[in-house]
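Chains A and B supply the protein sequences, listed in that same order.
Mapped onto UniProt numbering, the consecutive letters of the first sequence carry residue numbers 1 to 161.
Mapped onto UniProt numbering, the consecutive letters of the second sequence carry residue numbers 1 to 1143.
We put the CB at the ideal spot given by N, CA and C, even for glycine.
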Amino acid sequence: MIEFLFLISRQGKTRLTKWYGQYTVSERARAVRDVTNLVLSRPPKQCAFIEWKDKKIIYKRYASLFFVAAIGNGDNELITLEKIHLFVEILDRYFGNVCELDIIFNFHRAYHILDELMIGGYIQDTSKKEVLKSCGTMDDMMDDEKEGGAGGSGRRNSSKK
Amino acid sequence: MFEKSLSDLVKGIRANKRSPSAFISASILECKKELKDPNEFVKANAIRKLTFLRMMGYEFSWANFATIEVMSSQRFGHKRVGYLSAAQSFNEETDVILLTTNLLKKEFGSSNVYEVGLAINCLSNIVTPDLARELLPDLTQLTQHSHGYIRKKAVLCLFKLFMKYPQGLRLTFDRIKQCLDDSEPAVVSCAVNVITELADKNPKNYLLMAPHFFSLLTSSSNNWMLIKVVKLLGSLVSEEPRLARKLLEPLAAIVENTQAKSLLYEAVYTLTLALPFAKKSDGSVSKAVPGIVDLCADKLKSFVEELDQNLKYLGLVGFVSLMRSYPKAVVNHRNLILRCLCDDDVTIRSRALELLTGMVTRKNLQELVDQLMQHVRLSEGDYRDELIQKIIFMCSRDKYAFLTDFKWYISVLVVMSRLHGTEHGDVISSQIMDVAARVFPVRDFCVGKMVGLLLKSEVVMGKSKSTIWEVLHAAAWVVGEYSNFIDSVDLQENVPVSLHHSLISVLLSPSSLGLPSRTQAVFVQAAIKIFAAACNSGSTKPEQLVMCLDIFQANLTLWMKSKDVEVQERASSCYRFLIVFGLLRPTKEPELVTLELDVMSNQEGASLESSKVEIDENESPQADDLLGLVMATTIETPVLPVDVDSTIITVDNTGSGDGSFGRVLDTTLTERCREHASALLTVCVPEPMKPVNAKAQKRLTPPSFHGFEGSLRAGLFHDLIKEDSMVSRKRKMTIEEVSFGFFGARATRSQPSSSGTISFDENGETSDVSLAMSGNGKGPTLKDTPSQLSHLQNISPPGDRVDGTPFYLTDSGVAGGNYSDDGDDDADADFGEIRLGVSDSDDDNSREGAKKPARGKGKKKKSKKKKERKTDDSFSMREDALAIFGGGGVGVYRSDEEANDDESEELTGGRVREAGQEFDGLAQIDLTTPLAPDEVMPERKHREVPEHSIELASKQIKKKKEKREKKPKRTKAAKKKEEEDVADLLDFGATNDVKVSEFRGKEAEIAPSALNTIAGNLLATVSSTMQDSSAISLNLKPDEMATLDSLASEFVTGEWTEVSTKVKNESGATSPIHVIARMLNASFVEGSISDDGSCASLAATGKGRKKLRVLVKCKGKVIKLDFKSNSKKLAKSASKMFKELVL
């Protein structure tokens, strides 16, 4: 199970946090701080697994963003990397060549995608198509209702492709 | 009104990079206002903005209610915003979470699948025990939804519910099983996922499903799912070894064929877990196993060889796992792993180090450590400390089991001690002391090394004191304790006067006062020991001795001024010693001296005594020694006058000598040194240690005057007086004739103890020992007393002692195995059961035995058995032995640590289970038994608050309860039932928000006479059943176990942490405990009694979750009975029944 998932920018800014385990507010703050420091202080080209407390931190850097996941001790590190990669690929397809700004301005969309990909720290569907399809449908449902409200700046481009 | 959109907010924050906080707080205020806006769009937008800000670390619990409002909006877009916000911000403490129950319920019934999906997603994030119980039925329904989209979400979410509400697992597991056959692969995959996680907590439940997964393993091609299946089967292996054998081949097939590294790794790792279980019952392994081991090692090797650091790391982790069952397969790749030590990545280096630590053998230890030492030199920081720690562990593990050359080890330790800034100074120092004390053949070598260390200490201390001072502590002790070896030390360099002299000058140099006081204290003690050795040694020239004394004269007073009491005391007692022996001149003014001397003559006894007490401390583990010492101190008194006389004479000399005391009296002084040498030695160097096994110590009867409460042995006084008169008659007796050891008093000892002189030596001690032993029916076990004495008398050739005192290890690299072989014979013949430190030598012997197969086999077995039996003893013994060293800070690898290490070496069954509290409940659930009739899906009902509770509940509670009442009232579907609801019977969660509506306060005040009977009866029943442990778990039906577990857990969480017990319901029995059981129709009643016996509690859960607890409190003659139940009726009838029972 993935305990939590962070997106951290190279400068140490948190771009996305998703908690699957039970953490209190202060535990969350501390975990974000600790893990951010831990990951950012790693020199490049080192092993992407860090033993942290009773968990393992798995991270991978994509452009300026670190995708960080914490998993339990018995979990497979490599498959976690693949999960992260899957998430990134879906983001990429959704936003069309995703960049950090896409995630900043559409943080909710990133969450929605993540929610379609995983539930409670477990992958629910490994098919990119399925995830994108349901996200697309839900976005459309929102658009139908939005009467020009605070809608989509930086809408997804790929749906038209 | 025009609000900021989310992108406005983000842009604003980015624009105010310097000080975003002002902008953010303004935005938060805006949001707060917007939340009050009736317009849904405005509200939803505000919530979204707040969700964003929350991610930046701000907290808005005030927005929680608004979040719920947005969640309940009709518009999908708003719902989505609300649910996201809730998922991100709600946790168990959020109070409004109660309001989501109905919202989610309603959403589950929505016709729009995406709305359902939102709700499930949200639930998986915010689930609490209450929500789990309430929504379990609805969610279970959803696993049969027509859309796969919903089914897969529901299945995964169910697992989250189980974690909060473990009982639910039993109720709904069948549904999850059905999902395994779902038409949609995603759903199947999710179900496998859930079962994998469940099996990780409690594998037993899922054994029956193994064939299903086995066929999945061989047929499926979905790697995502295969990984889960492999993991699942891996966790079942520990429960079913037959499965392990079956698994090997398909897993090996995956390993050989798959392209996916993650699956490959999972399969290899699972193989390494399964291999230990793959042995058949007769101990043989199937033919395939060696091939599979090779395959695993091969694949892991290719992992380690990869350029990708991740794979390299995993390869090492895999090797660690493989090493547990097939260490040989790993040892072959030693060089590969050694290369990893040069890696830039600390994580990888640490893994490799762990691996190397495990692959140590007798043969390769030296080579490995030498390689590691090279890394020690290059590395720094934490990693270097880790390296040092591992090296010491490798060498000292299992009582130096892998070490053959102790000389080499000492050199390694010395090298390590010279490193700057390491944290292991104390470990190194205690290792040095341990080896020096226990390994005779290397003692001289060790002393030589330590002398070198001490003489160069100034150089080292200049740069970094942090480590070296702790090692200096050990060095000083070793050199002092074994100062008789100093003569044989051959230092390559020239020393100005003599080795003794330079050592003393280093130890007593004022610069040493900068060291920690612990070390200082050892320094002083070591200095006088070395001086004693110098006096005793034939090779020291008179002027050298005088120069040594000069150092004492010059520096000791400085030390006497130390702030530390221990240092001060040691220094001054050392000083007084030398004065008493006439070797030092008091520093006071001449005219004061006589007066001072008078005082001194009074104090001398005290100072002597105090110094002896110190030695006493060193020897204290020998209980009998106290006897010898007490006598010795007593005997000292009559001798004193002689010495005082001599001191006075010295003072007289001083007067005439005009202060050039040392020079003028060179010859006299040296003579005196020689004269007193053996006495000094006796006083300073304690006799060799003879550790006594902790168990044997207990068996010894303490000497009769050990404690002061016992009566004194009259004969002792008689002896004393006799001796006294003898001494006074002779008058010539010098201090060296007085002895409480062996070295000086040969004359005294040559007379047998029975002849009437006082025996305060080994004889007295051993006679006690043998007495105690024969009392145990072991026969005369210490036969070798005379021989022991004889070789104790000639102080040196160290090897002699090895067989007599198995505490000492032989250095087989130096001295070969002869000792231990002999030792084995001797020991077995002579010592029998109580032989000291039996296991130590057994260890050695078993190893020796292995070397010589001809005689080894039988013996090996024997000693192994013994080893098992003795392990505990030997640990404690070793601790005792270490404690003897005095000086403190010994205990390197303490016994429990060793024990832990042993444990970790054992084959652990399968994966390390996650020990999170949250899974405790899940692990207890047993799925293998059929559902009991009372196990039904929780239904939602109104809670009825009995009037009684209001009487007792404080107003605050009342308010709270009213609040809670609101929620159920809102549900229209809820039906009222006659039977009362148990809100939180199964008190598994950490927080227990909902109070059990309880009946309370039926306090039956009964007549005192009757009270005693009932309470006595109750307490007696409870306590008697408690003792009768056979009644506890016999004849338990599994389905009853679950109920009891929940009860037990409540007892543990409540005030009743004492032993609790379960009483079987027997028809016909009339004790209260049985009455309760019958009344409730409960099969079991649980009783518990408080420590002091003043309170007893009985609790039972009956059919229909009815619960009753009776609390009996005895205070003097008043006994209170307190009935608690979730059913009013039951409590009433119970109290009535009890009254009847009593009155």
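Delimiting residues of the alpha helix (DSSP H) encompassing residue i
i                : result
Lys79 (chain B)  : Phe76 to Ser89
Arg15 (chain A)  : Element bounds for Arg15 (chain A): not the alpha helix (DSSP H) but the beta strand (DSSP E), Thr14 to Trp19.
Trp559 (chain B) : Pro542 to Met560
Arg585 (chain B) : Unbroken run through Arg585 (chain B): none, as it is neither H nor E.
Leu513 (chain B) : Counting along the chain, Leu513 (chain B) falls outside any alpha helix (DSSP H), and DSSP gives it neither H nor E.
His212 (chain B) : Ala210 to Ser219
Gln167 (chain B) : Gln167 to Cys179
Glu107 (chain B) : Thr100 to Phe108
Glu69 (chain B)  : Asn64 to Met71
Thr196 (chain B) : Pro185 to Lys201
Gly538 (chain B) : Per DSSP, Gly538 (chain B) belongs to no alpha helix (DSSP H) and is neither H nor E.
Arg324 (chain B) : Gln309 to Ser325
Residue i versus residue j: straight-line alpha-carbon distance, rounded
i                      : j                 : result
Phe277 (chain B)       : Lys55 (chain A)   : 27 Å
Val478 (chain B)       : Ala437 (chain B)  : 8 Å
Tyr20 (chain A)        : Met450 (chain B)  : 57 Å
Thr908 (chain B)       : Trp469 (chain B)  : Because the pLDDT at Thr908 (chain B) is just 40, under 50, the model does not fix this residue reliably, and the point stays unresolved.
residue 1149 (chain B) : Phe90 (chain B)   : Outside the shown range of chain B (1 to 1143) lies residue 1149 (chain B), about which nothing can therefore be said.
Ser350 (chain B)       : Tyr482 (chain B)  : 39 Å
Phe159 (chain B)       : Ser72 (chain B)   : 25 Å
Val255 (chain B)       : Leu136 (chain B)  : 40 Å
Tyr575 (chain B)       : Ala679 (chain B)  : 15 Å
Lys133 (chain A)       : Tyr265 (chain B)  : 32 Å
Asp382 (chain B)       : Ala923 (chain B)  : 37 Å
Thr196 (chain B)       : Ile227 (chain B)  : 10 Å
Val188 (chain B)       : Lys201 (chain B)  : 20 Å
Val506 (chain B)       : Lys312 (chain B)  : 51 Å
Ser26 (chain A)        : Lys1129 (chain B) : 46 Å
Opening and closing residue of the beta strand (DSSP E) in which residue i lies
i               : result
Ile57 (chain A) : Lys55 to Tyr62
For residue i, the nearest candidate out of the options (CA to CA)
i                : options                                     : result
Leu198 (chain B) : B:Leu927, B:Ala1100, B:Gln520 and B:Asp1122 : B:Leu927
Ser502 (chain B) : B:Gly514, B:Leu515, B:Pro516 and B:Asp487   : B:Asp487
His424 (chain B) : B:Phe393, B:Glu354, B:Ala534 and B:Cys190   : B:Phe393
Val81 (chain B)  : B:Phe41, B:Tyr58, B:Leu99 and B:Thr100      : B:Phe41
Phe485 (chain B) : B:Phe76, B:Gln525 and B:Ala534              : B:Ala534
Ala31 (chain A)  : A:Phe4, A:Ala48 and A:Arg42                 : A:Phe4
Thr557 (chain B) : B:Leu508, B:Thr519 and B:Ala526             : B:Leu508
Asn332 (chain B) : B:Lys301, B:Phe1123 and B:Glu306            : B:Lys301
Glu367 (chain B) : B:Thr404, B:Asp344 and B:Gly381             : B:Thr404
His145 (chain B) : B:Leu161, B:Thr172, B:Cys179 and B:Phe173   : B:Cys179
Gln22 (chain A)  : A:Gly121, A:Tyr111, A:Asp143 and A:Tyr94    : A:Gly121
Leu6 (chain B)   : B:Pro20, B:Ala44, B:Ala22 and B:Leu413      : B:Ala44
Ile292 (chain B) : B:Ile47, B:Ala329 and B:Gln259              : B:Ala329
Arg334 (chain B) : B:Thr357, B:Ser321, B:Phe23 and B:Gly538    : B:Thr357
Lys129 (chain A) : A:Ile113, A:Asn37 and A:Met142              : A:Ile113
Phe523 (chain B) : B:Asn223, B:Val447, B:Val567 and B:Leu295   : B:Val567
* **Whole beta strand (DSSP E) elements within the segment 336-360 of chain B, 3-residue minimum** => If we require 3 residues or more, the segment 336-360 of chain B turns out to have no beta strand (DSSP E) run fully inside it.
* Are the segment 231-248 of chain B and the segment 267-274 of chain B touching, with three or more C-beta to C-beta distances below 8 Å? -> Result yes; three or more Cβ-Cβ pairs closer than 8 Å.
* Segments assigned beta strand (DSSP E), at least 3 residues, entirely inside the UniProt domain "AP complex mu/sigma subunit" (1-140) of chain A -> If only complete runs of 3 or more residues are kept, the UniProt domain "AP complex mu/sigma subunit" (1-140) of chain A shows the beta strand (DSSP E) at 2-9, 14-19, 49-52, 55-62 and 65-71, in order along the chain.
* To do: Determine, using beta-carbon pairs with one atom in the segment 49-64 of chain A and one in the segment 118-125 of chain B, whether at least three such pairs fall under 8 Å.
  => Contact annotation: the segment 49-64 of chain A does not touch the segment 118-125 of chain B, with fewer than three C-beta pairs closer than 8 Å.
* Asked: Quick check: the segment 398-414 of chain B against the segment 428-445 of chain B, are there 3 or more CB pairs under 8 Å?
  -> Contact between the segment 398-414 of chain B and the segment 428-445 of chain B is present, because at least three Cβ pairs lie under 8 Å.
* Contact the segment 75-83 of chain A vs the segment 9-29 of chain A: 3+ CB pairs below 8 Å -> With a cut-off of 8 Å on Cβ pairs, the segment 75-83 of chain A is not in contact with the segment 9-29 of chain A, counting fewer than three such pairs.
* Using 8 Å as the Cβ pair cut-off and three pairs as the minimum, do the segment 104-113 of chain B and the segment 134-154 of chain B touch? -> Taking 8 Å as the limit for Cβ pairs, the verdict is that the segment 134-154 of chain B does touch the segment 104-113 of chain B.
* To do: Could you say if the segment 47-67 of chain B and the segment 83-96 of chain A meet the contact criterion of at least three C-beta pairs nearer than 8 Å?
  => As far as the Cβ criterion goes, the segment 47-67 of chain B does not touch the segment 83-96 of chain A, which means the pair count is below three.
* Taking three-plus beta-carbon pairs below 8 Å as touching, is the segment 513-525 of chain B in contact with the segment 666-676 of chain B? -> No contact exists between the segment 513-525 of chain B and the segment 666-676 of chain B.
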